[in-house]
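Enquirer: Sequential numbering of the sequence shown, starting at 7, is according to the numbering used here.
Supplied in structure tokens, the structure appears directly below.
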Amino acid sequence: MKKSNKPVLLSGISPSGNLTIGNYIGALKNWVKMQKEYDCLFVLVDMHAITVRQEPQALRSRCLSFIAQYLACGIDPKKSTLFVQSHVKAHTELTWILGCYTYMGELNRMTQFKDKSKKHPTNINAGLYVYPVLMAADILLYQTDIVPIGDDQRQHLEITRDIAIRFNNLYGKAFKIPEPYFPKIGARIMSLLEPAHKMDKSDNNADNYIALLDEPPTIINKIRAAVTDSGTEIKMSEVKPGISNLIAIYSALSEKSLQEIEEAYIDKNYMTFKKNLGEMIVEKLRPIQDEYQRLMKNKDYIYKILKQGAQEATRRAEETLKRVYEKVGFILP
Ligand code: ATP
Ligand code: LTN
Numbered sequence: 007m008k009k010s011n012k013p014v015l016l017s018g019i020s021p022s023g024n025l026t027i028g029n030y031i032g033a034l035k036n037w038v039k040m041q042k043e044y045d046c047l048f049v050l051v052d053m054h055a056i057t058v059r060q061e062p063q064a065l066r067s068r069c070l071s072f073i074a075q076y077l078a079c080g081i082d083p084k085k086s087t088l089f090v091q092s093h094v095k096a097h098t099e100l101t102w103i104l105g106c107y108t109y110m111g112e113l114n115r116m117t118q119f120k121d122k123s124k125k126h127p128t129n130i131n132a133g134l135y136v137y138p139v140l141m142a143a144d145i146l147l148y149q150t151d152i153v154p155i156g157d158d159q160r161q162h163l164e165i166t167r168d169i170a171i172r173f174n175n176l177y178g179k180a181f182k183i184p185e186p187y188f189p190k191i192g193a194r195i196m197s198l199l200e201p202a203h204k205m206d207k208s209d210n211n212a213d214n215y216i217a218l219l220d221e222p223p224t225i226i227n228k229i230r231a232a233v234t235d236s237g238t239e240i241k242m243s244e245v246k247p248g249i250s251n252l253i254a255i256y257s258a259l260s261e262k263s264l265q266e267i268e269e270a271y272i273d274k275n276y277m278t279f280k281k282n283l284g285e286m287i288v289e290k291l292r293p294i295q296d297e298y299q300r301l302m303k304n305k306d307y308i309y310k311i312l313k314q315g316a317q318e319a320t321r322r323a324e325e326t327l328k329r330v331y332e333k334v335g336f337i338l339p
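Here it is as structure tokens:
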């Protein structure tokens, strides 16, 4: 049973690397805004994280740190359900079932699988391959209406819909068919030094991203060193991916339109723009970082939120799982 009549929103982030302003702009910032209108579930997908080798102690502390960063960004546990994927067993249980309704041909097409296989050639494991099925289970368990994600997750949402439609066609309606939601600006924030690639929180080179917890001087230096293109104009252009990316970051964080920014910097140079952008990011992140430090001093509070979140999510997920077990023909215990 749902908490309210609001449409259900679900999204997830995996506890790998460092949360970046790419994750903030593409995901977290929108989650915070959408909490009012939607019945939200936010999940830290730790089981997705182990598709890439993780150091156990580091993973455990990163999970706690990510939850504190979500809360510091404005996720409100009174409005939303915040939980850890491995705390709700229905996620792996539904993954098995959905795996039996997913074709290898479909999984072979996933670009994230191809990219991650290239990046970790000695660890192309079966978990990495069925990653999209686990993501489909995350979403379908909660009868989700809308999934806010960055552009890189488009294909995973499509396969989720395909699996749900296939299952519903076979057995009658078991799942709501979810819709993706992409931010208008910032659905794909690019790397600072390699603007042809997306900003990635697991990038080996930390100069490619701004982490939410970066110190002010680090932020200023990273923006100063960001690749800009030849020419002097501060203007969005397909042939100027470096400066276009910085303008998009400015716009997404300041809530100013791209045009307003271009007009404000019409007679200014790259150096001035970068200096202002660096300072603006520092100011935007300061309250988040302060709140983060406060929360990390009170870990019992964080554990309490996670316990409540897991209970609520389990209750809801079990309803869907039971329906699915009935439909496929299992005897219920
Ligand atoms: P990893 O390589 O560790 O998986 P990631 O940066 O791709 O890291 P995810 O956990 O996969 O991060 O993504 C969490 C959310 O942030 C997703 O909704 C994703 O689409 C969004 N996101 C990730 N990177 C960006 C980006 N550069 N721009 C906009 N949104 C992004
Ligand atoms: N694969 C996603 C993270 C993720 C997710 C989800 C996002 C796992 N489960 C469910 C939305 C809904 C990623 O961003 N890499």
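We put the CB at the ideal spot given by N, CA and C, even for glycine.
1) Would you please state the rounded distance, in angstroms, between the beta carbons of A96 and L146? I believe it to be under 8 Å.
2) Return yes when at least one heavy atom of ligand 1 lies under 6 Å from the C-beta of A33, else no.
3) Return the first residue and the last residue of the alpha helix (DSSP H) that F279 is part of.
4) Where do the ends of the beta strand (DSSP E) carrying C46 lie?
5) Which complete alpha helix (DSSP H) runs does the stretch 15-95 hold, if anything under 4 residues is left out?
6) Would you mind giving the Cβ-Cβ distance between P83 and I311, rounded to the nearest angstrom? I have them listed as a contact below 8 Å.
7) In whole angstroms, what separates the C-alpha of I189 from that of K241?
8) Does any heavy atom of ligand 2 sit closer than 6 Å to the C-beta of D151?
9) Report yes if the C-beta of L172 is less than 6 Å from at least one heavy atom of ligand 1; otherwise report no.
10) Could you tell me which residues DSSP puts in a beta bridge with M196?
11) In its own chain, which residues sit with a C-beta less than 7 Å from the C-beta of R322, not counting the 5 before and 5 after it?
12) Helix, strand or coil for E112, going by three-state DSSP, please let me know.
13) Among all the DSSP beta bridges, which residues are the ones paired with E185?
14) With a 10 Å radius around its C-beta and 16 neighbouring C-beta atoms as the bar for buried, classify L176 as buried or exposed.
15) Could you check which residue in A270, L219, K274 has the C-alpha nearest to that of G237?
16) For the pair the stretch 110-129 and the stretch 67-78, tell me if three or more CB-CB distances fall below 8 Å.
17) Let's test the definition: count the other Cβ atoms within 10 Å of the Cβ of N304 and tell me whether it reaches 16, buried, or not, exposed.
18) Around the Cβ of S250, are there at least 16 other Cβ atoms within 10 angstroms (buried) or fewer (exposed)?
Expert: Per the coordinate set shown:
1) For the purposes of this step, residue 96 is taken as residue 90 along the sequence shown, with counting starting at 1. For the purposes of this step, residue 146 is taken as residue 140 along the sequence shown, with counting starting at 1. Not a contact, Cβ separation roughly 10 Å.
2) One-based indexing of the sequence shown puts residue 33 at position 27. Yes, the beta carbon of A33 sits closer than 6 Å to at least one heavy atom of ligand 1.
3) Looking up residue 279 in the sequence shown gives position 273. F279 -> alpha helix (DSSP H) spans 276-302.
4) Locating residue 46 in the sequence shown gives position 40, where the first residue counts as 1. Start and end: 45-50.
5) Runs of the alpha helix (DSSP H) inside the stretch 15-95: 35-40, 52-55, 62-79.
6) On the sequence shown, residue 83 is found 77 positions in, with the first residue counted as 1. On the sequence shown, residue 311 is found 305 positions in, with the first residue counted as 1. Confirmed, about 5 Å.
7) Mapped onto the sequence shown, residue 189 falls at position 183. Mapped onto the sequence shown, residue 241 falls at position 235. The sequence given here has Pro at residue 189, not Ile. The straight-line gap from Cα to Cα measures roughly 21 Å.
8) Position 145 of the sequence shown, counted from the start, is the residue given in the question as residue 151. Checking the Cβ of D151 against ligand 2 gives no.
9) For this step, residue 172 is matched to residue 166 along the sequence shown. Here the sequence assigns Arg to residue 172, which means Leu is not the residue at that position. For R172, the shortest separation between its Cβ and any heavy atom of ligand 1 does not lie below 6 Å.
10) Translated into positions along the sequence shown, residue 196 becomes position 190. According to DSSP, which records beta bridges pairwise, M196 is partnered with K204.
11) On the sequence shown, position 316 is the one that residue 322 refers to. Around R322: Y148.
12) Taking the sequence shown and counting its residues from 1, the one referred to as residue 112 is at position 106. Residue state, collapsed to three classes: helix.
13) One-based indexing of the sequence shown puts residue 185 at position 179. Per DSSP, I152.
14) As a working mapping, residue 176 is identified with position 170 in the sequence shown. It is exposed - the Cβ of L176 has fewer than 16 other Cβ atoms within 10 Å.
15) Residue mapping note: residue 237 aligns to position 231 of the sequence shown, counting from 1. Per the Cα distances, K274.
16) no
17) By 1-based counting over the sequence shown, the position of residue 304 is 298. Per the 10 Å Cβ criterion, exposed.
18) Counting from 1 along the sequence shown, the entry for residue 250 is found at position 244. Per the 10 Å Cβ criterion, buried.
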